[in-house]
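One structure is given below, encoded as structure tokens.
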Amino acid sequence: MSADRLLVRGGRVVDGAGAEPHRADVMIVDGVIAEIGDTLDSGAGDRVLDADDRLVVPGFIDAHAHADGAVFRPDVQRALLRQGVTTVIGGQDGVSYAPGDGAWASRYFAAINGPHPTFTGGSVADLLATYDGTTPLGVGYLVPAGTVRHAVMGMDASPPTVCQLADMTRLVETGLADGALGLSTGLDYVPGIFAEARELAALCTPVTAAGGLYVTHMRGGYETAAAAGLAEVAEIVRMSGVRAHISHYHVDAADGIRLIDDLAARGVDVSFDMYPYTRRCTLVAMALLPPEYSAGSVAEAVALLGDPDERARLRADWFPLITDKPSLGPAWPDMVVIAHAPRAPRAAGLSLRAEAARRGVDVVDATLDLLIENALEVSAVMAVRDERPTSNLARLFSHPAYTGGSDGIYIGDAPHPRGWGTFARLLGTYTREVGAFGWTQAVRRLAGLPAERYGLHDRGVLTPGRRGDVALVDPDTVADRATYAQRTALAIGIDDVVVAGVPVLAGGELTGATPGAAARRTGPARS
Numbered sequence: 005m006s007a008d009r010l011l012v013r014g015g016r017v018v019d020g021a022g023a024e025p026h027r028a029d030v031m032i033v034d035g036v037i038a039e040i041g042d043t044l045d046s047g048a049g050d051r052v053l054d055a056d057d058r059l060v061v062p063g064f065i066d067a068h069a070h071a072d073g074a075v076f077r078p079d080v081q082r083a084l085l086r087q088g089v090t091t092v093i094g095g096q097d098g099v100s101y102a103p104g105d106g107a108w109a110s111r112y113f114a115a116i117n118g119p120h121p122t123f124t125g126g127s128v129a130d131l132l133a134t135y136d137g138t139t140p141l142g143v144g145y146l147v148p149a150g151t152v153r154h155a156v157m158g159m160d161a162s163p164p165t166v167c168q169l170a171d172m173t174r175l176v177e178t179g180l181a182d183g184a185l186g187l188s189t190g191l192d193y194v195p196g197i198f199a200e201a202r203e204l205a206a207l208c209t210p211v212t213a214a215g216g217l218y219v220t221h222m223r224g225g226y227e228t229a230a231a232a233g234l235a236e237v238a239e240i241v242r243m244s245g246v247r248a249h250i251s252h253y254h255v256d257a258a259d260g261i262r263l264i265d266d267l268a269a270r271g272v273d274v275s276f277d278m279y280p281y282t283r284r285c286t287l288v289a290m291a292l293l294p295p296e297y298s299a300g301s302v303a304e305a306v307a308l309l310g311d312p313d314e315r316a317r318l319r320a321d322w323f324p325l326i327t328d329k330p331s332l333g334p335a336w337p338d339m340v341v342i343a344h345a346p347r348a349p350r351a352a353g354l355s356l357r358a359e360a361a362r363r364g365v366d367v368v369d370a371t372l373d374l375l376i377e378n379a380l381e382v383s384a385v386m387a388v389r390d391e392r393p394t395s396n397l398a399r400l401f402s403h404p405a406y407t408g409g410s411d412g413i414y415i416g417d418a419p420h421p422r423g424w425g426t427f428a429r430l431l432g433t434y435t436r437e438v439g440a441f442g443w444t445q446a447v448r449r450l451a452g453l454p455a456e457r458y459g460l461h462d463r464g465v466l467t468p469g470r471r472g473d474v475a476l477v478d479p480d481t482v483a484d485r486a487t488y489a490q491r492t493a494l495a496i497g498i499d500d501v502v503v504a505g506v507p508v509l510a511g512g513e514l515t516g517a518t519p520g521a522a523a524r525r526t527g528p529a530r531s
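If you count the sequence shown from 1, you need to add 4 to reach our numbering.
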């Protein structure tokens, strides 16, 4: 059987390892880069992709994505590939389908991850197998600590017993052996909010042994609370020796850089991802209700929210506290814009204040009624008090510990535009226009460095022996087009993408090929 050969010809290679752009051809044989050099020859039967002087870069790795179930959708595939993303890392924030039957995670994160179309339960290995040959993208996975805790302890808020902790640790060990890239936590979600540092450090012990990564949505809401969250990360690292990665690092640049540099000076091996937007997207119940509402069953929560005495208590004792949250404040009814409410489609895109006006009730009643009607399955795009300028975000992007991550959520009628624009905005606005980094460093932060941090040593760099995941970038035109008004507008400037040597995006459109597969950990981590 003859080899499958694809020659990418006439481009400027930016390899993801730190080399400056240089003119070269790339030959991919049977899905693997075979040769990079000047004017390589093509033979009979070879396919040729003309780069037309575009940048030839390794496919980007989205270090934080909620495409666990959405990656099978053509619109999501197109959105990612049009940004040059060829691998996404799922299992984020401590909640996803495996290990277990997937039912709890599918319900709790219905507005974030959505359902998985084929996984009906099993191990991490079983889940990873669902991505093999079924999508044009690679999908990595972190063992979600919240899912593990729920499998062993349910919603018990107590510290685990010795036996429970041993059971949880075994689930983490098995997930890592199945190919997971590390462990994730979501310490503002349940049941992660109940886990103390000592428990998390114990779960990180097998991660350390495997060379994996501890990836965390820190406790406390970021922004001005970031110092406390990072102090807990440092404690977990001290007790376990694990390498750490901070998810969606929301913080002012000066404070954020100081805090990360302080961790590094104390010997904490840490990196972080963040998206180039200041607004967030999350579950309304998590942001605006006490945590016990997420800890119980949906039926119990809905019944409680409908009780007049409980509503009066929340109005008097709880909602005033929201005005003191560092990320919200007194203007919260205007700052929370509904992204997903499947049983109230007219609410999508409206602020809670506007939704209250539409219903003819006050904002507390509108919020609680919306949650009841949708069985808590409501997400929102949330503004912050400090809409930091591009220059502020650029300072954090230029930090050497930064890797690209979209936190893309693909559920809802009015989603956050970050899932459609993050990587294109990093290239267009922050590389070409602002100069947070040059093309060499941009590609390293979006491909080479996340590959190193997550232990994916088969991709992320254009060099012989690596996977033939390649994107062609027009440096003059690449840009995001998604906005808070036009949320799913596709990026421009990346029209051709190859995964494992197979064209998956040609002329800006999907080819229908599905050479993607689970991105399993391939060796000891570096950097």
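C-beta atoms are modelled at their ideal positions from N, C-alpha and C, and glycine is treated no differently.
Of the choices L141, D160 and V143, whose alpha-carbon is the least far from that of G150?
D160
Helix, strand or coil at R530 according to DSSP, with G and I counted as helix
Residue confidence for R530 is low, a pLDDT of 42 falling below 50, so the modelled location carries little weight; the figure read from the coordinates is stated next. Coil at R530, not helix or strand.
Based on the DSSP secondary-structure assignment, which residues constitute the bridge partners of H26?
V17
Looking only at its chain, what residues have a beta carbon closer than 6 Å to the beta carbon of A248, apart from the 5 residues adjacent to it on each side?
Y218, V237, V241 and V274
Around the Cβ of C167, are there at least 16 other Cβ atoms within 10 angstroms (buried) or fewer (exposed)?
exposed
Measuring CA to CA, which of E456, D478 and P479 is closest to R470?
E456
For my contact list, A291 and Y297 are in at a C-beta cut-off of 8 Å; report their separation, rounded to the angstrom.
Actually they do not touch by this definition, with Cβ atoms about 11 Å apart.
Taking only the alpha-carbon atoms, compute the straight-line gap between D2 and R13 and give it to the nearest angstrom.
Because residue 2 is not part of the residues shown, which for the chain are 5 to 531, the question remains open.
How far does the alpha helix (DSSP H) with P337 in it extend, from its first residue to its last?
Unbroken alpha helix (DSSP H) run through P337: W336 to M339.
A504 and D473 - do their beta-carbons sit closer together than 9 Å?
yes
Buried or exposed, going by whether 16 or more other CB atoms sit within 10 Å of the CB of D484?
buried
In the structure shown, what three-state DSSP assignment does Y193 receive?
coil
Taking buried to mean at least 16 other C-beta atoms within 10 Å of its own C-beta, is H26 buried or exposed?
exposed
For G215, the three-state DSSP class (helix, strand or coil)
Looking at G215 - three-state DSSP - the assignment turns out to be coil, as it is neither helix nor strand.
Quick check on this structure: which residue in G106, D42 and V482 has the alpha carbon closest to the alpha carbon of P119?
Cα-wise, what sits closest to P119 is G106.
Which residues in the same chain have their Cβ closer than 6 Å to the Cβ of A299, if we skip the five residues on either side of it in sequence?
Cβ within range, chain order: M159 and V194.
Under 8 Å, with one C-beta from each stretch per pair, do the region 43-60 and the region 95-111 reach the 3-pair mark?
The region 43-60 is not in contact with the region 95-111.
Going by alpha carbons, who is nearest to A379 out of A23, A67 and A114?
A114
Quick test of your reading: A486 and P421, contact by CB under 8 Å. State the CB separation rounded to the nearest angstrom.
3 Å
Provide the residue span of the beta strand (DSSP E) that contains R247, from first to last.
Note, R247: beta strand (DSSP E), R247 to I250.
Taking the alpha-carbon positions, what's the G497 to D54 distance?
15 Å
Please identify the residue among F323, T124, E177 and D311 whose C-alpha is closest to the C-alpha of P210.
E177
Looking at L356: is its Cβ nearer than 9 Å to the Cβ of A343?
no
Fully enclosed by the region 104-163, which alpha helix (DSSP H) runs are 4 residues long or longer?
107-112, 128-133 and 149-157
Whose C-alpha, out of L11, D19 and D29, is nearest the C-alpha of G35?
When each option's Cα is compared against that of G35, the closest is L11.
Classify P454 as helix, strand or coil using the three-state DSSP reduction.
helix
How would you call T124, buried or exposed, if buried means at least 16 neighbouring beta carbons within 10 angstroms?
exposed
Can you look up L380 in the DSSP assignment and give me helix, strand or coil?
coil
What are the partner residues of I415, as DSSP defines its beta bridges?
I415 is not bridged to any residue.
Between the region 519-527 and the region 444-451, can you find at least three pairs of beta-carbon atoms closer than 8 Å?
no
R525 and L185 closer than 9 Å at C-beta:
Between R525 and L185, the CB-CB gap stays under 9 Å.
Which same chain residues end up closer than 8 Å to D171 when comparing Cβ atoms and leaving out the 5 residues on each side of it in sequence?
Result list for D171: V156, in chain order.
One question on the structure: do I65 and I93 come within less than 9 Å of each other, judged by their Cβ atoms?
yes
In the DSSP output, which residue or residues are listed as bridge partners for E39?
M31
Considering only residues of the same chain and omitting the five flanking positions on each side of G126, which have a CB-CB separation below 7 Å?
If we look at G126 and ignore the five residues flanking it on each side, its Cβ neighbours are A102.
Suppose the cutoff is 7 Å on Cβ atoms and the five residues either side in sequence are ignored; what does the same chain contact list for L375 look like?
V288, A289, L309 and V382
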